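Quick note on numbering: the working numbering labels position 45 of the sequence shown as 36, and the sequence is numbered without any gaps.
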Amino acid sequence: MLRVVPLAAGWLLPAAPVSQARAWPLGHGVLRQWRAGSAGAVRRPALKTPKGTRDHPPAYTALRDRLLAAVVTCFKRHGAAAIDTPVLELREMLMGKYGEEAKLIYELQDQGGELLALRYDLTVPFARYLAMNKITNMKRYHIAKVYRRDNPATTRGRYREFYQCDFDIAGQFDPMIPDAECLKIVHEILSDLQLGDFLIKVNDRRILNGIFAVCGIPESKFITVCCTVDKLDKMPWEEVRSEMVGEKGLSPEAADHIGEYVQLHGGLELIERLLQDPKLSQNKLAKEGLGDMKLLFEYLTLFGITGKISFDLSLARGLDYYTGVIFEAVLLQQENEHVEEPMSVGSVAGGGRYDGLVGMFDPKGRKVPCVGVSIGIERIFSILEQRMKASGEKVRTTETQVLVATPHKHLLAARLKLISELWGAGIKAEMLYKKDPKLLKQLQYCEDTGIPLAAIVGEQELTDGVVKLRDVATRVEVDIPREKLVDEIRRRLEP
């Protein structure tokens, strides 16, 4: 007996018997799987990734791997060692480190007595790693995925699951030398990737706190006001001021006083001017921060990169753990020739000094000064991905160097023997998985996938003890003695 399953728009389809599962076509050529059981018709889950996540097909994975390789090359050039940490952290390790951003942490259900969370960044796990292993001196890099319960904006490279690429220097050193190297690394990476014009904004939490103090803001409100100032890159001053007064409880006079400072940006001249400011010069924190900022600019001048650096008092970075220098790199876009100043089109790197974070984990509160930078790899990848689509550029998804081919039937054994020899010599080689593929199809596969060479072995080549080596791009073929084939392939593939 058949049961009837009601469908939208009045359609009725006969249901399959309990023991069967059928795929019924439903309008517009879409197939949906229905299964009859004790609970009635059941539809399979929608085939999609969770909100704010994505799959990476081979071409984009290859592009991302190239990008990561360029970043790692820079990190290694500066002497960093790689580490890895669990994607899960004890929830208490993460809480109280991110200010208002803490609401974005992915908390997990109780797992056997442990309250866990997905890591929000790579900095806090690094600080925990240093404290747990009693390490006081380390230069490390870490590339891994992090998770944030954010509102995704995938067209701008903003996801809930994304890669971070961090470089950090931990240890007690002379002021601003490690900080300057971190900024040099950002400059090198963004220059090497040729993403376009960029600007690295720098500030210091001590300067900001000094500004808040001289403006009459109580210390208990420093962090929350800092989070509001951090929105100046996304909101006009009028809206930021309104939030300070309406939501953070500041007086209009105090907000206006803050505005006189946080809208300033420049270089060494601005630092010198603020050092002479009658109010800031009397504040211990601000004076320390400005002194270190002056020293930092001196080192950056020696590195030759001050043309891309801006001392920007609106830069706040909302994370609680920053204690000194902070910085952020943004890409610039000149909309038209009438625009006097370039417009920022997104942050692609950020970081700063966090001297107290390790001490928050150490049982005895021992501090390990740290400074580091995180490269916004997803944002950069989105830019390169859009460029690749616009240009129609094809990206090789494999590194195969040679396709082993045969021109006649009944030569599978010859192909298998030759490809085994190439693999044994460390040559990246492929062959088609057919006993008797047509030569034209094999050569077409080389062209479609970008394989540069084809090693063709036929009955005559077997008799003569040679292999016909074909340059796929030029279609020139040369007979190579079999014992010299590996050397010839290597010679041709030398950069």
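Think of the CB as a built atom: it goes at the ideal place given N, C-alpha and C, for glycine as much as any other residue.
Just so you know, these numbers come straight off a predicted model, no measurement behind them.
So, residue i versus residue j, is the Cβ gap smaller than 8 angstroms?
i	j	result
leucine 106	arginine 139	no
glutamate 319	lysine 192	yes
leucine 271	leucine 265	yes
methionine 167	aspartate 283	yes
valine 533	isoleucine 410	Here the chain covers residues -8 to 486 and nothing more, so residue 533 does not appear.
isoleucine 442	valine 469	no
leucine 99	valine 349	no
threonine 52	tyrosine 345	no
isoleucine 96	leucine 85	yes
glutamate 479	leucine 460	yes
valine 458	leucine 476	yes
histidine 47	arginine 55	yes
isoleucine 198	leucine 281	yes
lysine 426	leucine 407	no
phenylalanine 117	valine 137	no
glutamine 254	tryptophan 228	yes
For residue i, I'd like the list of residues in its chain whose CB is within less than 6 angstroms of its CB, leaving aside the five on either flank, ordered along the chain.
i	result
lysine 419	Glu390, Thr391 and Gln392
isoleucine 202	Tyr252
glycine 162	Asn128
cysteine 156	Val62, Ile134, Ile366 and Ile368
proline 49	Thr388
glutamate 421	Thr391 and Leu394
Please state whether DSSP places residue i in a helix, a strand or coil.
i	result
alanine 445	strand
aspartate 46	coil
alanine 118	helix
glutamate 98	strand
cysteine 173	helix
methionine 129	strand
asparagine 124	coil
arginine 461	strand
cysteine 218	helix
aspartate 311	coil
proline 227	coil
aspartate 159	strand
serine 305	coil
histidine 256	strand
serine 338	strand
asparagine 194	strand
phenylalanine 203	helix
arginine 357	coil
glutamine 392	coil
valine 137	strand
arginine 349	The question names arginine, but residue 349 in the sequence shown is valine. Valine 349: helix per DSSP, three-state reduction.
leucine 58	helix
glutamate 369	helix
asparagine 274	coil
proline 405	Contrary to the premise, residue 405 reads as alanine rather than proline in this sequence. DSSP places alanine 405 in helix when its eight states are reduced to three.
phenylalanine 164	coil
Measure the beta-carbon distance from residue i to residue j and round it to whole angstroms, keeping in mind my assumption that it falls under 8 angstroms.
i	j	result
aspartate 165	valine 316	Not quite, the Cβ-Cβ distance comes to about 14 angstroms (not below 8 angstroms), so this is no contact.
serine 338	valine 321	5 angstroms
leucine 323	leucine 190	6 angstroms
lysine 278	isoleucine 262	Not quite, the Cβ-Cβ distance comes to about 12 angstroms (not below 8 angstroms), so this is no contact.
cysteine 173	glycine 342	6 angstroms
aspartate 170	valine 359	Contact doesn't hold; Cβ gap of about 15 angstroms is too wide.
phenylalanine 302	histidine 256	6 angstroms
alanine 246	arginine 232	5 angstroms
serine 423	glutamine 433	The residue asked about is misnamed: residue 423 is leucine in this sequence, not serine. Rounded, the Cβ-Cβ distance is 6 angstroms, consistent with contact.
Suppose the cutoff is 7 angstroms on Cβ atoms and the five residues either side in sequence are ignored; what does the same chain contact list for residue i look like?
i	result
alanine 405	Thr397, Val448 and Leu453
threonine 297	Gly258, Phe288 and Leu291
cysteine 437	Leu394, Ala445 and Val463
alanine 71	Lys130, Arg131, Tyr132 and Phe158
proline 143	Lys42, Gly43, Arg149, Tyr150 and Arg151
histidine 399	Gly449 and Glu450
threonine 219	Val231, Glu234, Met235 and Lys239
serine 211	none
proline 269	none
phenylalanine 213	Asn200 and Phe203
So, for residue i: in the same chain, excluding its five sequence neighbours on each side, which residues have a beta-carbon less than 8 angstroms away from its beta-carbon?
i	result
leucine 58	Leu184, Ile368, Ile371, Phe372 and Leu375
valine 216	Phe203, Ile208, Met235, Lys239, Leu241 and Ile249
aspartate 455	Asp470
For residue i, decide whether its Cβ has a neighbour in chain B, counting only Cβ atoms nearer than 8 angstroms.
i	result
aspartate 455	Structure shown: chain B not included; a single protein chain is present.
Quiz item: Taking contact to mean at least 3 C-beta pairs separated by less than 8 angstroms, is the region 84 to 96 in contact with the region 305 to 313?
Solution: The region 84 to 96 vs the region 305 to 313: in contact.
Quiz item: With contact counted as at least three CB pairs below 8 angstroms, one residue from each stretch, are the region 72 to 79 and the region 109 to 120 in contact?
Solution: Touching, yes.
Exercise. Determine, using beta-carbon pairs with one atom in the region 203 to 215 and one in the region 273 to 288, whether at least three such pairs fall under 8 angstroms.
Key: Contact holds: three or more Cβ-Cβ distances are below 8 angstroms.
Quiz item: Counting Cβ pairs closer than 8 angstroms, one from the region 372 to 385 and one from the region 347 to 354, do we hit at least three?
Solution: Of all C-beta pairs linking the region 372 to 385 to the region 347 to 354, fewer than three are shorter than 8 angstroms, placing the two stretches out of contact.
Exercise. Please determine if the region 174 to 190 and the region 56 to 67 are in contact, where contact requires at least 3 C-beta pairs separated by less than 8 angstroms.
Key: Touching, yes.
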